[in-house]
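In order, the protein sequence lines correspond to chains E, G and P. In terms of the numbering used here, the first sequence is residues 16 to 425. In terms of the numbering used here, the second sequence is residues 347 to 622. In terms of the numbering used here, the third sequence is residues 25 to 359. In this text, a Cβ means the ideal position worked out from N, Cα and C, and glycines have one as well. Here's the structure we're looking at; comments come further down.
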Amino acid sequence: MLVVNVAACGSDDDKKDGPESFKGQTLTLWAMDGSTPEQWTKDVKAAFEKKTGAKLKLEVQQWNGIQQKITTALSESDPPDVIEVGNTQTPAYAATGGLADLSDLKKGLGKDWTPSLNKSAVYDGKQYAAPWFAVNRTVIYNKKIWAEAGIKGIPKTRQEFFDALEKIEKKTDAEPIYMPGQNWYFLDGLIIGQDADLVKKKGGKWVSNLADPKVGKAMEIYKKYASYSKAPKNKDEATPQQAEVFAKGRTGAFIGLSWEAATAIEANKKLEKDIGYFTIPGETADKPEGVFLGGSNLAVAAGSEKQELAKEFLKIALSDKFEGAMAKESGVIPNKTALQSNLKGNPAAEAAAPAVENGGLTPLIPEWGAVENPPNPIKTYMTSVLNGKSHDTAAKAVEDEMNKRLAQKQ
Amino acid sequence: MRRSLLGRIWPNATALVLFVGFAFPVYWMFNTAFKPNGQIISETPVWFPTSPTLDHFETAVEAENFWTLVRNSVTVTVLAVGFSLVVALFAAFALARMRFRGRKGIVLTFMVAQMAPWEVMVIAIYMIVRDADMLNSLVPLTLFYTVMVLPLTIITLRGYVAAVPKDLEESAMVDGCTRLQAFRRVIFPLLAPGLMATSLFGFITAWNEFPLVLILNKDDQAQTLPLWLSKFQTAFGDDWGATMAAASLFAIPILLLFLYLQRKAVAGLTSGAVKG
Amino acid sequence: MSVQTREAPPRKRRPAAAPRAAGPQPGEGRRADKATLPYLLLLPALALTAVFLGYPLVTNGMLSFQNLNMTQLIQHVTEWNGFANYTDTLSNEEFWRVTLRSVIFTAVNVVVIIVVGTLIGLLLARLGPRMRLLLSVALVLAWAMPIIAATTVYQWLFAQRFGVVNWVLAELGFESMADYNWTGTQLSTFFVISLLLVWTSVPFVAINLYAATTTIAKELYEAAALDGAGAWQSFKCVTLPFLKPFLLVATFLEIIWIFKAFPHVFAINEGGPNRLTETLPVYAFVEGVGGQHYGTGAAISVLTILILLALMAYYLRIVLRQEDADETENDGEMA
Chain E
16 MLVVNVAACG SDDDKKDGPE SFKGQTLTLW AMDGSTPEQW TKDVKAAFEK KTGAKLKLEV
76 QQWNGIQQKI TTALSESDPP DVIEVGNTQT PAYAATGGLA DLSDLKKGLG KDWTPSLNKS
136 AVYDGKQYAA PWFAVNRTVI YNKKIWAEAG IKGIPKTRQE FFDALEKIEK KTDAEPIYMP
196 GQNWYFLDGL IIGQDADLVK KKGGKWVSNL ADPKVGKAME IYKKYASYSK APKNKDEATP
256 QQAEVFAKGR TGAFIGLSWE AATAIEANKK LEKDIGYFTI PGETADKPEG VFLGGSNLAV
316 AAGSEKQELA KEFLKIALSD KFEGAMAKES GVIPNKTALQ SNLKGNPAAE AAAPAVENGG
376 LTPLIPEWGA VENPPNPIKT YMTSVLNGKS HDTAAKAVED EMNKRLAQKQ
Chain G
347 MRRSLLGRIW PNATALVLFV GFAFPVYWMF NTAFKPNGQI ISETPVWFPT SPTLDHFETA
407 VEAENFWTLV RNSVTVTVLA VGFSLVVALF AAFALARMRF RGRKGIVLTF MVAQMAPWEV
467 MVIAIYMIVR DADMLNSLVP LTLFYTVMVL PLTIITLRGY VAAVPKDLEE SAMVDGCTRL
527 QAFRRVIFPL LAPGLMATSL FGFITAWNEF PLVLILNKDD QAQTLPLWLS KFQTAFGDDW
587 GATMAAASLF AIPILLLFLY LQRKAVAGLT SGAVKG
Chain P
25 MSVQTREAPP RKRRPAAAPR AAGPQPGEGR RADKATLPYL LLLPALALTA VFLGYPLVTN
85 GMLSFQNLNM TQLIQHVTEW NGFANYTDTL SNEEFWRVTL RSVIFTAVNV VVIIVVGTLI
145 GLLLARLGPR MRLLLSVALV LAWAMPIIAA TTVYQWLFAQ RFGVVNWVLA ELGFESMADY
205 NWTGTQLSTF FVISLLLVWT SVPFVAINLY AATTTIAKEL YEAAALDGAG AWQSFKCVTL
265 PFLKPFLLVA TFLEIIWIFK AFPHVFAINE GGPNRLTETL PVYAFVEGVG GQHYGTGAAI
325 SVLTILILLA LMAYYLRIVL RQEDADETEN DGEMA
């Protein structure tokens with residue numbers, strides 16, 4: 016094909032996908048820290064540069080302050096061309112008009128995108144991004160401690176899980192589970208598991224639904240988990256990194272993402288053979304716990320002058336070949352169910368996959384982003400429940416703040 | 347006045363306690379940076395790095411673009427400090443030695459300028475720079491840093507200029523020097539320690555500046571070291587070893603500069619700061 | 025003109041203003057420098073300040089009258105909304121709470137810094153040369169520590185797990201401190217922030233104050249001793265008057281620094297827990313940048329500037345009075 020195009024030399028053809036047309040151009044990709052595995056990046060880059068003749072410049076972004084950074088970047092005359100946007104944040108950016116319409120990509124490339132993953136990329140009926148990958152939490156546990164406590168087999172229900180934690184507490188000196196007070200995405204999973212919603216429409220406006228008893232039920236489960244932990248009640252799982260705590264080898268389990276297990280192993284090589292994974296068990300054995308399907312979409316900046324080139328990149332990066340390779344290399348959930356076979360042999364991803372079906376997200380409204388801005392009122396709510404306040408009182412205390420944020424002018 | 351034994355012991359004892367209190371955080375930073383991970387995350391603190399390692403420093407230095415960032419930081423800091431010293435010297439000379447209409451107002455302006463809350467003006471600055479199409483450039487950074495340190499530099503330098511006995515200048519002029527020559531040959535040498543002391547403030551401010559560069563220079567070729575340091579904080583989470591190694595590397599130039607200039611700085615700062 | 029080095033022990037003086045002999049009235053004997061030279065010398069400084077500080081300030085002021093959020097910023101739209109940002113902010117209880125908190129926070133820290141700094145400065149004057157060098161080096165290390173490095177180190181020192189402070193406290197017998205969460209409550213978070221601020225700010229006061237004391241002539245103390253003055257009296261009558269102008273300036277600078285302190289407060293706990301340690305600059309940042317409501321953030325920052333100006337009005341007056349005194353004295357000298 017490459018040869019044909021060069022030989023054809025027709026200017027019209029060149030513009031479509033010939034290497035000549037994009038020669039000398041550089042496509043800038045903003046990806047978040049940890050999103051782009053090494054081999055995948057190398058291969059995609061090579062394939063992209065070969066096909067288009069353009070260069071790919073990957074700039075790895077830190078999570079800290081990323082929203083402001085993306086907002087200002089989108090306002091610039093020379094924005095990054097392709098941007099990784101967190102799936103929960105996508106609707107807010109779509110609403111600003113800063114993202115390009117990718118509806119035509121959906122028709123071809125995106126025919127089989129998993130509907131639950133694609134949901135976040137659609138706003139107002141238009142496709143503003145392409146689902147890239149998702150991740151969800153599993154139980155990561157220390158087999159040695161579980162053996163010490165005499166636990167056999169993997170818990171199939173939530174109650175069995177609690178029983179196991181109880182045993183660890185009684186029979187060992189280890190901390191049964193590390194559960195900081197503000198692991199809010201775990202709570203979100205529990206809320207999804209309870210079929211509850213965090214917001215509701217009232218008089219044409221979104222308002223908090225935190226006071227819903229179903230949310231209270233989810234928080235009760237959370238509290239039960241936290242009762243087996245000495246972790247700080249007002250911190251999230253990143254401060255300190257729960258994997259680092261787990262790495263010390265005196266923690267029975269934690270709820271985390273697969274990369275966190277890797278972090279733990281890196282900190283303590285001896286742990287590698289003791290580390291195990293299982294799907295977070297739900298109320299009954301046939302249905303795992305609800306999980307938050309965190310993930311990322313790839314979007315194209317509306318202000319980018321390289322729209323066509325950007326789409327070329329998406330077509331390569333999100334092709335079955337590379338999407339599968341990505342799943343294989345970093346154990347993330349790919350954007351098509353059919354590609355999940357790539358997760359075979361990766362125990363963490365295999366434990367994560369069964370929960371995807373029941374996975375969910377945070378409310379997909381542009382207004383939601385403001386709620387998660389620090390200080391996240393839901394985290395405040397979690398800490399106060401864990402410190403002894405009732406669900407109703409704690410929810411009431413932050414609902415005004417939540418409603419205020421939901422009502423903010425966009 | 348003879349002092350009792352107790353009277354001699356307690357100042358020294360207090361000084362020792364204070365020494366530990368003030369030096370410990372700095373010591374702990376270096377200590378952690380040299381310790382292998384096993385000794386950092388440990389139930390009992392390891393007070394001395396018994397098996398020192400340079401691994402953390404390697405991690406810190408091997409970060410992408412590290413040397414570009416070093417170059418950027420040094421360029422911006424040195425230029426901003428140099429620029430502000432020159433500009434401030436003119437202004438300080440006028441304010442200390444000349445009488446003119448509006449002098450008080452100008453002194454007041456610089457006093458108030460010293461209060462500017464730069465961190466909360468970043469969006470306004472960002473929009474100005476964006477609309478001037480100067481993003482991802484070291485030029486606006488240098489200029490903004492210059493102005494950030496300018497007021498205090500002027501105020502402090504004015505004290506130094508004023509502290510130079512006027513007679514010296516006048517006698518030089520009597521000896522046939524022009525005012526400029528008098529300045530260059532007589533006043534400037536006397537001001538040198540003052541200039542160095544003043545430059546310390548500037549160095550610290552410019553070297554540390556974070557919010558502005560974060561928003562103005564998104565291109566990682568155009569960033570400075572504070573961004574690199576903060577990257578360590580977030581990217582490595584609890585990798586305290588690498589974080590402390592990065593913090594050490596970041597702090598060393600300023601620490602050395604300070605220790606080197608300390609004597610001159612102290613001697614001069616008083617006269618300058620007092621005038622503040 | 026440096027006060028320490030040239031001023032004789034003060035006799036009578038106006039309060040607050042630097043001890044200066046009364047000279048001829050202002051205006052008398054004003055020396056005629058070439059009229060334009062001072063303006064020429066000041067031009068670069070003033071021009072730079074106007075362009076790179078004045079203009080952003082004005083822009084910031086204009087933004088404070090706009091509805092400026094993500095969409096407007098990305099689309100480059102200007103949406104004027106009058107005083108809405110100001111009325112929203114001023115009618116927000118939270119704003120006033122934060123303001124009060126900022127003022128108290130500043131007052132407490134400045135007092136601690138000045139008192140501790142003065143005491144350490146006087147201690148330096150009393151120490152032998154070797155101990156003095158040792159302590160000075162420690163002070164300079166703390167002083168020179170870049171803010172970002174310092175906040176990182178403090179987070180590590182006070183880390184809940186594996187932090188050395190908790191370990192030491194537990195070893196000292198405070199068992200409950202073994203896993204103490206320093207950022208868990210408002211008070212303990214402020215404690216860490218204040219400790220960090222004091223640690224970085226005291227060296228400036230102490231070292232300069234010590235340097236100032238070295239310029240006090242020994243004879244003055246001897247004279248005071250002959251007059252039968254005790255340690256306290258000689259401190260009050262000889263040392264303090266010398267240090268007063270310096271302390272005044274140090275207080276002026278510390279108030280500004282502490283009130284504006286942003287990285288210290290933000291880095292330790294991002295204004296948490298529960299937004300209870302937000303000071304005004306942090307509040308402006310969280311509302312404006314964090315919440316992406318840049319217009320509101322601009323309004324808060326304008327209010328912050330006004331509050332700081334109000335706080336400093338007293339000092340600015342003193343400074344102006346001192347300027348008058350200087351002019352008078354200089355004119356006297358030149359006359």
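Identify the contact partners of residue 80/P in chain G, using a Cβ-Cβ distance below 8 angstroms as the criterion. Walking along the third sequence from the start, residue 80/P turns up at place 56. Those are 467, 470, 471, 474, listed as they occur along chain G.
Residue 313/P (DSSP reduced to helix, strand or coil): As a first step, residue 313/P is located in the third sequence; it is residue number 289 there, counting from the start. Residue 313/P carries a helical assignment under DSSP once its states are collapsed to helix, strand and coil.
Test: residue 89/E CB closer than 7 angstroms to a CB of chain P: Residue numbering aside, residue 89/E sits at position 74 when the first sequence is read from its first letter. Judged by the 7 angstroms Cβ criterion, residue 89/E is in contact with chain P.
Going straight from the alpha carbon of residue 180/E to that of residue 267/E, what length do you get? Translated into positions along the first sequence, residue 180/E becomes position 165. Translated into positions along the first sequence, residue 267/E becomes position 252. Their backbone Cα atoms lie some 8 angstroms apart in a straight line.
Neighbour flag for residue 224/P against chain G, beta carbons, 7 angstroms: Numbered from its first residue, the third sequence carries residue 224/P at position 200. No, residue 224/P does not count as interfacial toward chain G.
Enumerate in chain order the residues of its own chain whose CB-to-CB distance from residue 172/E is below 8 angstroms, with the five nearest sequence positions on each side excluded. Against the first sequence, residue 172/E aligns to sequence position 157. Result list for residue 172/E: 296, 297, 298, 299, 300, in chain order.
Quick check: is the beta carbon of residue 577/G nearer than 7 angstroms to any beta carbon in chain E? Reading the second sequence from its first residue, position 231 is the one you call residue 577/G. Contacts with chain E at 7 angstroms (Cβ-Cβ) include residue 577/G.
Below 8 angstroms, can you find three or more Cβ-Cβ pairs linking the segment 317 to 337 of chain P to the segment 193 to 202 of chain P? Contact fails: fewer than three Cβ-Cβ distances are below 8 angstroms.
Compare the C-beta of residue 395/G against all C-beta atoms of chain P and say whether one is closer than 7 angstroms. Taking the second sequence and counting its residues from 1, the one referred to as residue 395/G is at position 49. Not closer than 7 angstroms to any Cβ of chain P, the Cβ of residue 395/G fails to qualify, so no.
To the nearest angstrom, report how far apart residue 294/E and residue 482/G are at their CA atoms. Within the first sequence, residue 294/E is the residue found at index 279, counting from 1. Within the second sequence, residue 482/G is the residue found at index 136, counting from 1. In this model, residue 294/E and residue 482/G are separated by some 46 angstroms (Cα to Cα).
So, at 7 angstroms on beta carbons, what are the nonlocal neighbours of residue 406/E in its own chain, with the 5 sequence-adjacent residues on each side left out? For the purposes of this step, residue 406/E is taken as residue 391 along the first sequence, with counting starting at 1. Counting only Cβ-Cβ distances below 7 angstroms, and skipping sequence neighbours, we find 231, 234, 400.
Please work out which residues of its chain come closer than 6 angstroms, Cβ to Cβ, to residue 365/G, disregarding the five sequence neighbours upstream and downstream, and give them in chain order. As a position in the second sequence, residue 365/G is number 19, starting the count at 1. Answer for residue 365/G: no residue qualifies.
Can you give me the start and stop residues for the alpha helix (DSSP H) that residue 74/E sits inside? As a working note, residue 74/E is residue 59 in the first sequence. Counting along the chain, residue 74/E falls outside any alpha helix (DSSP H), though it belongs to the beta strand (DSSP E) covering 70 to 76.
Could you round the C-beta distance between residue 382/E and residue 221/E to whole angstroms and report it? I think they count as a contact, below 8 angstroms. As a position in the first sequence, residue 382/E is number 367, starting the count at 1. As a position in the first sequence, residue 221/E is number 206, starting the count at 1. Taking C-beta atoms under 8 angstroms as the contact rule, residue 382/E and residue 221/E qualify, at a distance of about 5 angstroms.
For residue 55/E, the nearest candidate out of 391/E, 352/E, 345/E, 94/E (CA to CA): To locate residue 55/E, count along the first sequence from 1; it is residue 40. It is 345/E.
So which residues of chain E does residue 199/P contact, with C-beta pairs closer than 7 angstroms? Counted from its first residue, the third sequence places residue 199/P at position 175. Within chain E, no residue comes near residue 199/P; the closest Cβ sits about 14 angstroms away, beyond 7 angstroms.
Give the list of continuous beta strand (DSSP E) stretches no shorter than 3 residues that lie fully inside the segment 265 to 291 of chain E. As for any beta strand (DSSP E) of minimum length 3 sitting wholly inside the segment 265 to 291 of chain E, the runs are 268 to 271, ordered along the chain.
Please determine, among 313/P, 296/P, 261/P, 302/P, the residue with the shortest C-alpha to C-alpha distance to residue 123/P. The residue you call residue 123/P lines up with position 99 of the third sequence. For the residues 313/P, 296/P, 261/P, 302/P, the minimum Cα distance to residue 123/P belongs to 302/P.
According to DSSP, is residue 198/P helix, strand or coil? As a position in the third sequence, residue 198/P is number 174, starting the count at 1. Coil, per DSSP.
Same chain, Cβ closer than 8 angstroms to residue 364/E, neighbours up to 5 away in sequence not counted: On the first sequence, position 349 is the one that residue 364/E refers to. Exclusion of the five residues before and after residue 364/E leaves 273, 342, 346, 347, 348, 358 as the residues of its chain whose Cβ lies within less than 8 angstroms of its Cβ.
Locate the alpha helix (DSSP H) running through residue 430/G, then write down its first and last residues. Along the second sequence, read from residue 1 onward, the residue named residue 430/G stands at position 84. Run containing residue 430/G: 412 to 443, per the alpha helix (DSSP H) assignment.
Report all residues from its chain with a CB closer than 8 angstroms to the CB of residue 279/P; omit the five preceding and five following residues, and keep chain order. Here residue 279/P is taken as the residue at index 255 of the third sequence, counted from 1. Residues 130, 134, 335, 336, 339 of the same chain have their beta carbon placed closer than 8 angstroms to that of residue 279/P, with the five preceding and five following residues left out of the count.
Could you check which residue in 192/P, 207/P, 230/P has the C-alpha nearest to that of residue 249/E? As a position in the first sequence, residue 249/E is number 234, starting the count at 1. Of 192/P, 207/P, 230/P, the residue nearest in Cα terms is 207/P.
When you compare each of 357/G, 594/G, 489/G, 386/G to residue 176/P by their alpha carbons, which one comes out closest? Looking up residue 176/P in the third sequence gives position 152. Measuring from the Cα of residue 176/P, the nearest candidate turns out to be 594/G.
Cα-Cα separation, residue 461/G to residue 547/G: Mapped onto the second sequence, residue 461/G falls at position 115. Mapped onto the second sequence, residue 547/G falls at position 201. It is roughly 15 angstroms from the alpha-carbon of residue 461/G to the alpha-carbon of residue 547/G.
Examine chain E for any beta-carbon lying closer than 7 angstroms to the beta-carbon of residue 321/P, and answer yes or no. Start at 1 with the first residue of the third sequence, and residue 321/P comes out as number 297. Cβ-Cβ to chain E under 7 angstroms: no for residue 321/P.
Under 7 angstroms by beta carbon: chain P residues contacting residue 113/E: Position 98 of the first sequence, counting from 1, holds the residue named residue 113/E. The contacting residues are 98.
Please name the residue in 324/P, 185/P, 264/P, 214/P whose C-alpha comes closest to that of residue 255/E. Against the first sequence, residue 255/E aligns to sequence position 240. Selected option, being the one with the closest Cα: 185/P.
Taking 7 angstroms as the threshold (C-beta atoms), are residue 223/E and residue 417/E in contact? In the first sequence, counting from the first residue as 1, residue 417/E sits at position 402. In the first sequence, counting from the first residue as 1, residue 223/E sits at position 208. In this structure, residue 417/E lies near residue 223/E, with their beta-carbon atoms less than 7 angstroms apart.
Under 7 angstroms, do residue 22/P and residue 369/G count as touching if we go by C-beta distance? Within the shown structure, residues of chain P are numbered from 25 to 359, placing residue 22/P beyond reach of any answer.
In angstroms, rounded to a whole number, what distance separates the CA positions of residue 534/G and residue 132/P? In the second sequence, counting from the first residue as 1, residue 534/G sits at position 188. In the third sequence, counting from the first residue as 1, residue 132/P sits at position 108. Cα to Cα, residue 534/G sits roughly 41 angstroms from residue 132/P.
Once you ignore the five residues that flank residue 541/G on each side, which residues in its own chain have a CB closer than 8 angstroms to its CB? Your numbering for residue 541/G matches position 195 in the second sequence. Excluding sequence neighbours, residue 541/G sits near 431, 435, 503, 506.
Contact between the segment 285 to 305 of chain P and the segment 140 to 153 of chain P (3+ Cβ pairs under 8 angstroms): With fewer than three CB-CB distances shorter than 8 angstroms, the segment 285 to 305 of chain P does not count as touching the segment 140 to 153 of chain P.
Could you confirm whether any beta carbon from chain P is found closer than 7 angstroms to the beta carbon of residue 463/G? For the purposes of this step, residue 463/G is identified with residue 117 of the second sequence, where counting begins at 1. Closer than 7 angstroms: yes.
Among 384/E, 361/E, 227/E, 351/E, which has the Cα closest to the Cα of residue 408/E? Here the question's residue 408/E lines up with position 393 in the first sequence. Per the Cα distances, 227/E.
Is it the case that the Cβ atoms of residue 323/P and residue 109/P are separated by a distance below 7 angstroms? Walking along the third sequence from the start, residue 323/P turns up at place 299. Walking along the third sequence from the start, residue 109/P turns up at place 85. For the pair residue 323/P and residue 109/P, the CB atoms are nearer than the 7 angstroms cut-off.
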